[in-house]
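I have placed the structure first, in the form of structure tokens, so that the comments after it can refer back to it.
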Amino acid sequence: MNPLELSPSDFRRLADRLSALAEQWLKELDARAIAPTTSGTATEALFAEGLPEQGLKDAALDALGPVLAGTRAGNARFLGYVLGSGEPVGALGDYLAGVLNQNVTAWRSAPTAVSMERAVVRGLADAVGCTGFTGSLTGGGSMANLMGLTLAREAKAPANEQGLPSGVVYASTEVHMSIPKALALLGLGRRSLRLIPTDAEWRMRPEALEAAISEDLSAGRRPLAIVATAGTVNTGAVDPLKDVAAIARRNDLWMHVDGAYGALAAMAVPERFEGLELADSLSMDAHKWLYQPVDCGVLLYRDATAARRAFSFTGDYVRTMSTDSVEGFAFFDESLELSRRFRALKPWLSVRYHGLGAFREAIRNDLENAQRLATLVSEEPRLELLAPVPLSAVCFRYVAGLAEEERNAFNTRLMARINARGRVYLSNASLSGRFVLRACFVNHRTTPEDVRTVVAEVLAAAEELRAS
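All letters in the sequence shown, in the order written, are residues 95 to 562 by my numbering.
The structure is reproduced here in structure tokens:
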């Protein structure tokens, strides 16, 4: 007998238990403390006994209760980082994808999965105004940015064969950490990243970008690419994409847009992303503003030939024999990955169930909630709004009775106190040396009442600190 065999009836019994746990989790989600009452010692202890030699059978699932109890609850008031809310129909798609266990590397290995992913990518490109772009789903924005910059390097300073790449990449001072990481991995080095100052709204300054390129050309350096950001992680700023694209074209540079946070909002407010369609490559995260369960990043590019130039290197054991344009297609010719999970099933099922219109409405609700919080902060004399709110990130701090030199330390302690209370979860940012509280709305569950709760919790936590 196969030692790993599971009968269909046994599978159904186990699946029913897991479905019951998932249903209970969703039912209780709003009432759960976002930050679980646990510690590093406690979570390590859960797994201290190691992996069993003999299987526990159904009893293996008994340990899931403590696992869930120690898990952060992404309810309507989880507003930390830039993390989507895990839309449940998408989660069901993820579940089925695991059962089907397709390797979405080439059409011959996963026919319908490959065609579905290509359709999802085309549909998302259309939805953000980049009709005609192709691409693939990735683990997230970091992988998409790495792949996008690989396309840029191989287009402007080919190094796949001989190595030793060199050149300069430009981005604003608000660039995401994944960009210098990518340049390090590509052999260009983090010092090849030239940071361009931003304006009062935290957007890249085109005139400073143009000056930096001219300076590098005069010094004999080779400009390669510009990374514009569509939704900076701190404030949600959108660089002037149309202006950046014009500079890139004039100087024959690749334009990559890091839209991991913000680009999918172009579905709802395209006017805020004018010039997005001028990019050579674009990263987006469906597990952010399409609310999908992680992981589900997206890389789009204008020219599939550039992707094949960067990534195509095939051994005989995976060589595709068909000359048919569909049946001969292989993602591994246009992607860093060879083994690839069936990521497309969750957004495909989720969008089919709800419709693109529902996602556009949910994004607009997030944008409105961010403006609502900004207004409440501005009207509260004990709080200070520290940046414009072009998308859905709201940066503010508590200031009442505090000298400027006291505010960073107090707000650092305040964030920890807010999150420990369990009703609201915020993250932080640093703006011109100022520690700020940051609420980011990419959560389809959040309501106006939840927004009001944010201010109430911040003030309550501050009073606790001042009284202690």
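By construction, the Cβ of each residue, glycine as well, lies at the ideal position given by its N, Cα and C atoms. Only a predicted model underlies this, so the values are computations on that prediction, with no experimental measurement involved.
query, result
"For a minimum of 3 consecutive residues, which ranges assigned as the beta strand (DSSP E) are wholly contained in the segment 455-495?", "477-479 and 487-492"
"Using the C-alpha atoms, what's the distance from N96 back to L155?", "21 Å"
"What whole-angstrom Cβ distance do C489 and V530 have, given they're in contact under 8 Å?", "4 Å"
"How about G235 and S272: do their beta carbons lie closer than 8 Å?", "yes"
"Does the Cβ-Cβ distance between T323 and L289 come in under 8 Å?", "no"
"Please report the straight-line C-alpha distance between A481 and A276, rounded to a whole angstrom.", "28 Å"
"So within the segment 164-207, which uninterrupted alpha helix (DSSP H) runs reach at least 4 residues, ignoring any that extend past its ends?", "182-194"
"Since N505 and R491 should fall inside the 8 Å C-beta cutoff, what is the C-beta to C-beta distance between them, to a whole number of angstroms?", "5 Å"
"From what residue to what residue does the alpha helix (DSSP H) around W383 run?", "A380 to W383"
"State the start and end residues of the unbroken beta strand (DSSP E) segment that holds G229.", "T228 to T232"
"Going by DSSP in three states, H448 sits in which element: helix, strand or coil?", "helix"
"Just to confirm the assignment: which complete beta strand (DSSP E) runs, minimum length 3, are found wholly within the segment 329-358?", "348-353"
"Determine the DSSP secondary structure at N537, reduced to helix, strand or coil.", "coil"
"Have a look at A510, R532, V483 and S230 and flag the residue whose alpha-carbon is nearest the alpha-carbon of D397.", "S230"
"Give the C-beta separation of A438 and V176 to the nearest angstrom, bearing in mind that I take them to be a contact with Cβ-Cβ under 8 Å.", "Not really, about 22 Å apart at Cβ, beyond 8 Å."
"Between the alpha carbons of P300 and A306, how many angstroms are there, rounded?", "10 Å"
"According to the Cβ coordinates, are A357 and V222 closer than 8 Å?", "yes"
"Can you tell me which of R402, R560 and T541 puts its alpha carbon nearest to the alpha carbon of A494?", "R560"
"If you follow the beta strand (DSSP E) that S266 is in, where does it begin and where does it stop?", "V262 to S266"
"Compare the beta carbon distance of G178 and Y385 with 8 Å and say whether it is the shorter of the two.", "yes"
"Locate the beta strand (DSSP E) running through I60, then write down its first and last residues.", "Residue 60 falls outside the range modelled here, since the chain spans only 95 to 562, and no answer is possible."
"Checking 8 Å against the spacing of the C-beta atoms, do V392 and A373 come in under that value?", "no"
"What number of angstroms, rounded off, separates the C-alpha of R285 from the C-alpha of A404?", "22 Å"
"Please report the Cβ distance between Y92 and R247, rounded to the nearest whole angstrom; I am assuming they are in contact, meaning their Cβ atoms lie under 8 Å.", "Past the edges of the chain, shown from 95 to 562, lies residue 92, and the structure says nothing about it."
"For V214, does the three-state DSSP call read helix, strand or coil?", "helix"
"Inspect the CB distances between the segment 196-207 and the segment 456-466 and report whether three or more fall short of 8 Å.", "no"
"So S444 and G168 are in contact, right, with Cβ under 8 Å, and what is the actual spacing, rounded?", "About 16 Å separates the two Cβ atoms, so there is no contact after all."
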